[in-house]
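Residues in the sequence shown are numbered from 0 upward in steps of one, following numbering that gives the first Met the number 0.
Glycine included, each C-beta is placed from N, C-alpha and C at the ideal position.
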Amino acid sequence: MMTATWTETLPPMPGPPTNELNNHLALGTIKLHPVLFDIVTPINITCFQELLVSYLNHELVSSVCRGLETGF
């Protein structure tokens with residue numbers, strides 16, 4: 000199977016584990032020192048989304064864009 004075909008049925012990328020979303024020590028550190036955790040990507044996420052608006056696997060595209068915006 001070609002990679003392009005495979006991505007049509009690939010499930011969305013998972014978000015962070017629930018235990019990490021509830022890790023108050025880590026969340027406090029991120030809140031106090033946001034400059035240490037900047038998310039930098041050379042990808043123009045808005046343009047990326049617009050280019051893939053007609054792509055068959057909307058859930059995968061949304062999950063990748065969410066990861067690019069907030070981190071994987």
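Contacts around residue i, its chain only, beta-carbon distance under 7 Å, and the 5 residues preceding and following it disregarded
| i | result |
| --- | --- |
| residue 29 | 36 |
| residue 9 | 56, 59 |
Reduced DSSP category for residue i - H, G, I as helix; E, B as strand; rest coil
| i | result |
| --- | --- |
| residue 38 | coil |
| residue 26 | helix |
| residue 4 | helix |
| residue 18 | helix |
| residue 33 | helix |
Through-space distance from residue j to residue i, alpha-carbon basis
| i | j | result |
| --- | --- | --- |
| residue 14 | residue 20 | 10 Å |
| residue 34 | residue 17 | 24 Å |
| residue 62 | residue 53 | 15 Å |
Nonlocal neighbours in the same chain, by C-beta distance under 8 Å from residue i, ignoring five residues either side
| i | result |
| --- | --- |
| residue 67 | 38, 40, 42, 44, 47 |
| residue 69 | 38 |
Spatial neighbours of residue i in its chain, beta-carbon cut-off 6 Å, leaving aside the 5 residues before and after
| i | result |
| --- | --- |
| residue 55 | 7 |
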